[in-house]
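See structure below.
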Amino acid sequence: MPTSPEVQIIRRLAVGGMSELFLAHLLNKDGSVTPVVVKRLLEGAPGAAYFRREREALSSISSPHVVRLIHGSDTELVIEYVDGPDLEAILNSL
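Written as structure tokens, this is what we have:
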């Protein structure tokens, strides 16, 4: 599980070949809570370089069409949570 005390995991969303995704709450300094997604690199996964590039790409983009990186490390990304159906569900409905 993530080591950051500001992140409270709610439930696992998915597991893939390189990482797992969790729905979480980010506990803000003012006491409010922000829903976020935690993406965690699986131990021993060969994709550390891809994960690092994803973090670098997200940190360099500021767009209302791309999720915002809140903070990240070599093994974990905390990104903005966007409520709604996932892309697979949208594509399957077409």
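Counting from 71, one number per residue, gives the positions in the sequence shown under the working numbering.
The C-beta atom is built at its ideal place from N, Cα and C for all residues, glycine as well.
Just measuring C-alpha positions, the residue of LEU112, ASN98 and VAL103 sitting nearest LEU147 is LEU112. Judged by DSSP in its simplified three-state form, GLU113 adopts coil rather than helix or strand. Secondary structure note for GLU126: its alpha helix (DSSP H) is the uninterrupted segment 118-130. Between ARG110 and SER129, the C-beta gap is not smaller than 9 Å, which leaves the two residues out of contact. PRO105 is positioned such that its CB atom lies closer than 9 Å to that of TYR151. Within the same chain, Cβ atoms closer than 8 Å to the Cβ of VAL77 are found at ALA94, HIS95, LEU96, LEU97, VAL106, VAL108 and VAL148, the five residues on either side in sequence being excluded.
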